[in-house]
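For what it's worth, this note's numbering labels the leading residue of the sequence shown as 139, then goes sequentially. One structure is given below, encoded as structure tokens.
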Amino acid sequence: MVLPIYLYGHPVLRTPTELVTPDYPDLDKLIANMKETMYASDGIGIAAPQVGVSLRLVYIDVDVLGDDLPELKGVRMVLINPEITVDESVEAVSREEGCLSVPGIHESVQRHEKIHLKWTDENWQTHERDFEGYLSRVIQHECDHLFQTVFVDRISPIRKQLIRGKLNNIVKGNVDCSYRTRSYKPKRK
Ligand code: NI
């Protein structure tokens, strides 16, 4: 089932997430719905808060970028309770990002080039390894969503000021996108 994507400004994107436990009801169904929702909106990553669920769960599929970046060919990952450790000795790099929850906005974000990741997969197997380059960036972006952070929180104050009007429109749901969304609209009395 394709779920609506919660937009920038919605409180669910700022709500602390819980660890996923093996007895979480219908976890398979939630993962399947997140995949379907991400493909329907042409995304390469999605985090549970973006579909309104405050859980530490991410799905990534960067296969579509494999023509330009061969190392991404066939890379699809379910990340349950991911934990990132960064290598501070490696210089951070800046690159443009976008987000399904922030439609129409692309901005440069500084990220660590190399990370170490521990996670559990959908078969409840635990993994641990290093990631670098573009995939490391996608993982950092998605894991940010699990800690109430959206990529525009990481851009310079000047850039943020310049896109303030666009962000306010997203908060109000004035967006033009091809997928279903849910925006934050204060309730009228
Ligand atoms: Ni995002």
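Ideal Cβ positions, reconstructed from N, Cα and C, are used throughout, including at glycine. This one's a predicted model, so the numbers in the text were calculated from it and none came from an experiment.
Spatial distance of residue i from residue j (CA atoms)
| i | j | result |
| --- | --- | --- |
| V150 | D282 | 13 Å |
| K304 | I184 | 22 Å |
| P241 | E229 | 29 Å |
| K325 | K310 | Reliability fails at K325, whose pLDDT of 49 lies under 50, so the model's placement of it is uncertain and the value that follows must be treated cautiously. Each residue's Cα considered, the two are about 12 Å apart. |
| E174 | M139 | 6 Å |
| L168 | V213 | 20 Å |
| K327 | R318 | With a pLDDT of 45 at K327, under the threshold of 50, the modelled position of that residue is not reliable, and the figure given next carries that caveat. Near 26 Å, if we compare the C-alpha coordinates of R318 and K327. |
| R275 | L210 | 12 Å |
| D314 | R233 | 24 Å |
| Y322 | S227 | 40 Å |
| H265 | Y272 | 19 Å |
| I308 | H250 | 28 Å |
| T287 | A170 | 24 Å |
| S84 | I143 | This structure cannot speak to residue 84, because the chain is shown only from 139 to 327. |
| H244 | E235 | 5 Å |
Three-state secondary structure assigned by DSSP to residue i
| i | result |
| --- | --- |
| R267 | strand |
| D180 | coil |
| S316 | coil |
| K252 | strand |
| M139 | coil |
| S192 | coil |
| K327 | Model confidence at K327 stands at a pLDDT of 45, short of 50, so the residue's coordinates are unreliable; what they give is reported in the following sentence. In the structure shown, K327 sits in coil (DSSP, three-state: anything other than H, G, I, E or B). |
| S321 | coil |
| I222 | strand |
| T258 | strand |
| Y146 | coil |
| D199 | strand |
| L238 | coil |
| L217 | strand |
| E245 | strand |
Check whether residue i and residue j have beta carbons under 7 Å apart
| i | j | result |
| --- | --- | --- |
| R292 | V231 | no |
| I347 | I222 | No information on residue 347 is available, as it lies outside the stretch 139 to 327 that the chain covers here. |
| G181 | L141 | no |
| V196 | L165 | no |
| N219 | L300 | no |
| L284 | F269 | no |
| M172 | V189 | yes |
| T155 | L203 | no |
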